[in-house]
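S.K.: Take 12 as the starting number for the sequence shown in this note's numbering and just add one per residue.
Below you'll find the structure I mean.
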Amino acid sequence: MSAPRLHVEDFSLDSSLSQVQVEFYVNENTFKERLKLFFIKNQRSSLRIRLFNFSLKLLTCLLYVVRVLLDDPALGIGCWGCPKQKYTFNESSPEINWAPILWVERKMALWVIQVIVAIISFLETMLLIYLSYKGNIWEQIFRVSFILEMINTLPFIITIFWAPLRNLFIPVFLNCWLAKHALENMINDFHRAILRTQSAMFNQVLILFCTLLCLVFTGTCGIQHLERAGESLSLLTSFYFCIVTFSTVGYGDVTPKIWPSQLLVVVMICVALVVLPLQFEELVYLWMERQKSGGNYSRHRAQTEKHVILCVSSLKIDLLMDFLNEFYAHPRLQDYYVVILCPTEMDIQVRRVLQIPLWSQRVIYLQGSALKDQDLMRAKMDNGEACFILSSRNEVDRTAADHQTILRAWAVKDFAPNCPLYVQILKPENKFHVKFADHVVCEEECKYAMLALNCICPATSTLITLLVHTSRGQEGQESPEQWQRMYGRCSGNEVYHVRMGDSKFFREYQGKSFTYAAFHAHKKNGAGSRRPSIAPVMELADSSALLPCDLLSDQSEDEMTPSEDDGLSVVEYVKGYPPSSPYIGSSPTLCHLLPARAPFCCLRLDKGCKHNSYEDAKAYGFKNKLIIVSAETAGNGLYNFIVPLRAYYRSRKELNPIVLLLDNKPDHHFLEAICCFPMVYYMEGSVDNLDSLLQCGIIYADNLVVVDKESTMSAEEDYMADAKTIVNVQTMFRLFPSLSITTELTHPSNMRFMQFRAKDSYSLALSKLEKRERENGSNLAFMFRLPFAAGRVFSISMLDTLLYQSFVKDYMISITRLLLGLDTTPGSGYLCAMKITEGDLWIGTYGRLFQKLCSSSAEIPIGIYRTQSHVFSTPHDLRVQSQISVSMEDCEDTREVKGPWDARVGTGGGGGSTHGRHAVGSDPAEHPLLRRKSLQWARKLSRKSPKHTGKAAAEWISQQRAGLYRRSERQELSELVKNRMKHLGLPTTGYEGVANLTASDVMNRVNLGYLQDEMNDHQNTLSYVLINPPPDTRLEPNDIVYLIRCDPLAHVASSSQSRKSSCSNKLASCNPETRDETQL
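Take a look at the structure:
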């Protein structure tokens, strides 16, 4: 072995002039090594040699066919130069004349060509044997290819020296097998030369085809030649016989007549039975493997058709159907193809769905990794219109899942820098790694901000989910329930965009204020004529006219008037940006902050410290109800739960204390980020522990948010990940029925188990409605489930469509982040809510409310959260009547005992509300129903029993007895909670026991959406969201209107005095009761 030589020429300081020449060679001085390098080692020259050899073998087969066509045995048979003898076949004679088999007629020119070809083939074969010799000559000699070469070449060389043998039969047709072998080697050299691998499926199909062709050609030529001693079959007739025989048809019209040809047929059939099954088995195996891997997306299709790529770690049927339904919901995307790139094998459910003709023609599944350029090339990533990279949220380690997503995004950006990237990330601290992507959705950011707004604006999660889902607005239109038809129709309202200069409708508003355009556009859209009390909207924005009055007054009061806290020191809050952010990339938001950071020890709710001795929520004396968040760990996303609730545009009087109930102790960095916010505390405990719930002050809480735990997001059985959460929430609902509980689930399909009642006929009807909507192709089949409609349950997977919609509506992520308070932009607004009271019903309709808010406070309504009582009809009218009679007598007994409430109830009954909603009031004393002890209630039931006779009376008594049993069960639950509170040393005065739950308490919690009135199984409340309902929609009491309120910092007034005077002028033109009831 000689060492590499290195030639260095002209090294200088200028790198452009320096040249380095490196030559590598190994034992190339000998003649044999040079020949080996040319014939074997060098890919390109070896490819040329094999191509020449392949052509040579095909030429020999062609020359054999020409010889057969020119040969006519009827003219005579014999050796070269010998007298010709004619032969006639005698079928009755057992003797075989071998002369027609041994001798053929070969023209002189044909013989010369065949001899030249044979000499070339012989010399090439001997040269390759010499170059491939490694010490064992017998291994080279007994190779099948070498034996065939000798059979087809040596006889021709011998005929040069012995002329009579020039007519000797030589089986040149066997060269077809050498041609097949040369073709296989040629393909391998071709792959080596171009440094790429062709599909193994293509190679196997080619080999199978060549094998079949060689078998048929060998059988055709062999039978034709042997039958020269028989009936002298033509080449075409012999080919016909081979095809009929190998296809197992066997007509029998052509048969071999002599035993040598019959023996050849038997041999060929045996060979075919051995060789072909092996080839087919290999082909089927490769086909199955290709089905698993998905093959390739052809370059031609990529250049002529549009496609997007979906990169996922594992593909579940729910994720696939959400993507396909949302992606193809837009008419512009019907001609797009979806290429799925996934490293795992396609599961059975996904395979079954992709075999549906609707998807089989448009969806291509490729098994591969985004980190491999070869797989990205298979997916034609560089020609893709977009690439969606989704994280695997069901992973136990979500940080590891984010790391995989980041690497995929980097790999795609490196391979196809011009392909738009749509990336889903789980944890906010990893978001800055993929900031180069065109669109990024951070799951935990959106999730916690949405859950926080749910505590202020009821059902924000449902509102956002309906907005980011494409709906036809046809859901529920065949339902007999009016609320389902209204709810389904409004769910079809979505966010659309139009360029103002291109719009005939909005072109006239160019240069006008946004509220001016909204006011007049809504008015032209059927809102009706403007009432005299609705002032016109100014064309240009004016700072004093656009600022909400109540917001400005609240701000001034917060700044000038200290809060009146009984016995507690007054802590002044300041407005500013949080000094510490838990992760890189969080948007700065102006918030209410403490003047100085709180010590970490003061953040612990259940333990006193040297700064204060409070050990329970009661001791703190909070004026507002608590908001409790139950989470497994204090992740950085939890920071986005606090920020919207402490935003500067929320009045200080409305700030609710926040208690974080954490399974694991928070780290130092998280505490440093939250210690600047007022009234934010944490406590270690679990939501499934009653003691932990009581210690964190659940009896003083208005909202409980149960966040999905990372450790339970994956389960051995699909959809079982939510089992523990659902059961825990159901238990809390039974223990604390007046508590508003918002639950996050892993799988949206598990929403049907929330507030589960085994014998609830109405829930069964909703289940059938959901199945019917799913069969009709709805993307929102789950929308009629009462917990989802009321905003009490939420799954982050429902926000996946936000990323999909961004492909067509690139502004959707920005708008959603503004609505959730994650981002703030100059001149923008924020989402808030306003409750409609009895005093606001003079406005009448939603259209007039829209104009009223636009003209008075520059607020734009976008929807209504409606709660209504609902009587579920049953076949037994007697049962309903008996319940009504009990309720009425309860009311009469209450009025007899407590006279002052008589006038209140009478006044409430004279309201102008419809459907009985006037009975829903905000004062707990308006409806003192069910405030009876169990024994008193039972005695009243016994007094009513004589009114019923026979079977109806027995049924009525049985029903009331069941209600009494349920009453005693609630008493047991109440006693359980009180005993645990006494054991923990907590005061029981603030606990509203289950046994003392009144109808007014239930109706005051109308925004819960729970079926809370368990005393009456058929009298319930339900809540739902109406997105931008029709202008003629009548307003009802307790409606909560979603508003886009302008940012106070967008306009700066000259002074607070001018702002107050501006507000007072506007209030004078408004109904005085309207603005007082506006709530954030």
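By construction, the Cβ of each residue, glycine as well, lies at the ideal position given by its N, Cα and C atoms.
In this text, all values refer to a predicted model and were calculated from it rather than measured experimentally.
Shortest alpha-carbon distance to Arg615 belongs to which of Gly696, Ile752, Asn635?
M.R.: In the sequence shown, residue 615 corresponds to position 604, counting from 1. The option with the nearest alpha carbon to Arg615 is Gly696.
S.K.: How about Ala609 and Cys707: are their beta carbons less than 9 Å apart?
M.R.: Within the sequence shown, residue 609 is the residue found at index 598, counting from 1. Within the sequence shown, residue 707 is the residue found at index 696, counting from 1. Result no, Cβ atoms of Ala609 and Cys707 do not sit closer than 9 Å.
S.K.: With a floor of 4 residues, list each alpha helix (DSSP H) that falls wholly inside the stretch 148 to 212, ordered by position along the chain.
M.R.: 148 to 152, 155 to 172, 186 to 205
S.K.: Beta carbon of Gly596, beta carbon of Tyr459: below 9 Å?
M.R.: The residue you call residue 596 lines up with position 585 of the sequence shown. The residue you call residue 459 lines up with position 448 of the sequence shown. The answer is no: Cβ separation not under 9 Å.
S.K.: Can you tell which of Arg362, Ile351, Trp370, Gln360 has the C-alpha that lies nearest to the C-alpha of Ser380?
M.R.: The sequence position of residue 380 within the sequence shown is 369, counting from 1. Minimum Cα distance to Ser380 is reached at Ile351.
S.K.: So, does the stretch 130 to 139 touch the stretch 153 to 169, judging by three or more C-beta pairs under 8 Å?
M.R.: yes
S.K.: With contact counted as at least three CB pairs below 8 Å, one residue from each stretch, are the stretch 58 to 68 and the stretch 144 to 162 in contact?
M.R.: no
S.K.: Would DSSP call Glu695 helix, strand or coil?
M.R.: Your numbering for residue 695 matches position 684 in the sequence shown. In the structure shown, Glu695 sits in a strand (DSSP, three-state: E or B).
S.K.: Grouping DSSP H, G and I as helix and E and B as strand, with all else coil, what is Asp733?
M.R.: Here the question's residue 733 lines up with position 722 in the sequence shown. The answer is coil: DSSP assigns Asp733 none of H, G, I, E or B.
S.K.: State buried or exposed for Trp270, treating a residue as buried only when at least 16 other CB atoms are found within 10 Å of its CB.
M.R.: In the sequence shown, counting from the first residue as 1, residue 270 sits at position 259. Around the beta carbon of Trp270, a 10 Å sphere encloses fewer than 16 other beta carbons of the protein chains shown; the residue is thus reported as exposed.
S.K.: Identify every run of the beta strand (DSSP E) within the stretch 587 to 646, keeping only runs that are complete inside it and at least 3 residues long; order them along the chain.
M.R.: Those beta strand (DSSP E) runs which fall completely within the stretch 587 to 646 and span 3+ residues are 602 to 604, 637 to 642.
S.K.: Output yes or no for whether 9 Å exceeds the beta carbon distance between Pro689 and Tyr584.
M.R.: One-based indexing of the sequence shown puts residue 689 at position 678. One-based indexing of the sequence shown puts residue 584 at position 573. For Pro689 and Tyr584, yes; Cβs fall inside 9 Å.
S.K.: Quick check on this structure: which residue in Lys634, Thr644, Pro342, His679 has the alpha carbon closest to the alpha carbon of Ala712?
M.R.: In the sequence shown, residue 712 corresponds to position 701, counting from 1. Ala712 has its Cα closest to that of Lys634, out of Lys634, Thr644, Pro342, His679.
S.K.: Which word fits Cys841, buried or exposed, when buried means at least 16 other C-beta atoms lie within 10 angstroms of its C-beta?
M.R.: Counting from one through the sequence shown, the residue named residue 841 turns up at place 830. Sequence inspection shows Tyr at residue 841; the Cys mentioned does not correspond to that position. With 16 or more Cβ atoms within 10 Å of its Cβ, Tyr841 is classed as buried.
S.K.: Helix, strand or coil: which one does DSSP assign to His450?
M.R.: As a first step, residue 450 must be located in the sequence shown, where it is residue number 439. Assignment of His450 by DSSP, reduced to helix, strand and coil, places it in the strand class.
S.K.: Helix, strand or coil for Asp413, going by three-state DSSP, please let me know.
M.R.: The sequence position of residue 413 within the sequence shown is 402, counting from 1. Three-state DSSP puts Asp413 in a helix.
S.K.: Short check: CB of Leu294 to CB of Leu219, under 9 Å?
M.R.: Counting from one through the sequence shown, the residue named residue 294 turns up at place 283. Counting from one through the sequence shown, the residue named residue 219 turns up at place 208. Yes, these two residues count as a Cβ contact at 9 Å.
S.K.: Would you check if the distance between the CB atom of Ser482 and the CB atom of Ser789 is smaller than 9 Å?
M.R.: Counted from its first residue, the sequence shown places residue 482 at position 471. Counted from its first residue, the sequence shown places residue 789 at position 778. Ser482 places its beta carbon less than 9 Å from that of Ser789.
S.K.: What separation, rounded to the nearest whole angstrom, lies between the Cα atoms of Asn700 and Val740?
M.R.: Along the sequence shown, one-based indexing puts residue 700 at 689. Along the sequence shown, one-based indexing puts residue 740 at 729. So the two alpha carbons sit approximately 11 Å from each other.
S.K.: My assumption, with CB atoms under 8 Å, is that Val423 sits in contact with Cys398. Please give the rounded CB distance.
M.R.: Residue mapping note: residue 423 aligns to position 412 of the sequence shown, counting from 1. Residue mapping note: residue 398 aligns to position 387 of the sequence shown, counting from 1. That belief holds up - the Cβ atoms of Val423 and Cys398 are roughly 5 Å apart, short of 8 Å.
S.K.: Which residue's Cα is closest to the Cα of Gln314: Leu995, Thr256, Met392?
M.R.: As a first step, residue 314 is located in the sequence shown; it is residue number 303 there, counting from the start. Comparing Cα positions, the closest option is Met392.
S.K.: Look up Thr231 in the DSSP assignment and say whether it is helix, strand or coil.
M.R.: Position 220 of the sequence shown, counted from the first residue, corresponds to residue 231. Helix, per DSSP.
S.K.: How should Phe861 be labelled, buried or exposed, when 16 other C-beta atoms within 10 angstroms of its C-beta is the threshold for buried?
M.R.: By 1-based counting over the sequence shown, the position of residue 861 is 850. With 16 or more Cβ atoms within 10 Å of its Cβ, Phe861 is classed as buried.
S.K.: Once you ignore the five residues that flank Glu570 on each side, which residues in its own chain have a CB closer than 6 Å to its CB?
M.R.: On the sequence shown, residue 570 is found 559 positions in, with the first residue counted as 1. Because Glu570 carries a pLDDT of 43, less than 50, the predicted location of this residue cannot be relied on, and the following value inherits that uncertainty. Taken in chain order, the list of residues that qualify is empty.
S.K.: If contact is defined by three or more beta carbon pairs under 8 Å, each pair taking one atom from either stretch, is the stretch 845 to 859 in contact with the stretch 484 to 501?
M.R.: no
S.K.: Which first and last residues belong to the beta strand (DSSP E) in which His480 is found?
M.R.: Here residue 480 refers to the residue found at position 469 of the sequence shown. No beta strand (DSSP E) contains His480, which DSSP labels as neither H nor E.
S.K.: Output the distance between the C-alpha atoms of Cys353 and Ser324, rounded to the nearest integer angstrom.
M.R.: Position 342 of the sequence shown, counting from 1, holds the residue named residue 353. Position 313 of the sequence shown, counting from 1, holds the residue named residue 324. Taking the straight line joining both Cα atoms gives about 6 Å.
S.K.: Are Ile234 and Ser249 close, meaning C-beta to C-beta below 9 Å?
M.R.: As a first step, residue 234 must be located in the sequence shown, where it is residue number 223. As a first step, residue 249 must be located in the sequence shown, where it is residue number 238. In contact: Ile234 and Ser249 (Cβ atoms closer than 9 Å).
S.K.: Looking only at its chain, what residues have a beta carbon closer than 7 Å to the beta carbon of Met762, apart from the 5 residues adjacent to it on each side?
M.R.: Position 751 of the sequence shown holds residue 762. Closer than 7 Å at Cβ, skipping near neighbours: Leu756, Phe793, Arg796, Pro798, Phe799, Val804.
S.K.: Could you say which of Ser104, Ser772, Ala732 lies nearest to Ser760 if we only look at CA atoms?
M.R.: Numbered from its first residue, the sequence shown carries residue 760 at position 749. Closest by alpha carbon: Ala732.
S.K.: Run the CB neighbour count on Ser371, radius 10 Å, all protein chains shown included, and call it buried at 16 or more, exposed below.
M.R.: Start at 1 with the first residue of the sequence shown, and residue 371 comes out as number 360. Looking at its Cβ environment, which holds fewer than 16 other Cβ atoms inside 10 Å, Ser371 is exposed.
S.K.: Rounded to the nearest angstrom, what separates Val640 and Ala801 at their Cα positions?
M.R.: Against the sequence shown, residue 640 aligns to sequence position 629. Against the sequence shown, residue 801 aligns to sequence position 790. C-alpha separation (whole angstroms): 19 Å.
S.K.: Which word fits Ile359, buried or exposed, when buried means at least 16 other C-beta atoms lie within 10 angstroms of its C-beta?
M.R.: In the sequence shown, residue 359 corresponds to position 348, counting from 1. That one is exposed.
S.K.: Residues in the same chain with beta-carbon distance under 6 Å from His450, minus the five sequence neighbours each way, listed in chain order, please.
M.R.: Mapped onto the sequence shown, residue 450 falls at position 439. Once the five neighbours on either side are set aside, the close Cβ partners of His450 are Tyr433, Ser817, Ile824.
S.K.: Ends of the alpha helix (DSSP H) at Gln766?
M.R.: What you label residue 766 is simply residue 755 of the sequence shown in a count that begins at 1. Taken as a continuous stretch (DSSP letters only), Gln766 belongs to no alpha helix (DSSP H), as it is neither H nor E.
S.K.: To the nearest angstrom, report how far apart Pro288 and Tyr376 are at their CA atoms.
M.R.: For the purposes of this step, residue 288 is taken as the residue at position 277 of the sequence shown. For the purposes of this step, residue 376 is taken as the residue at position 365 of the sequence shown. For Pro288 and Tyr376, the distance between alpha carbons rounds to 29 Å.
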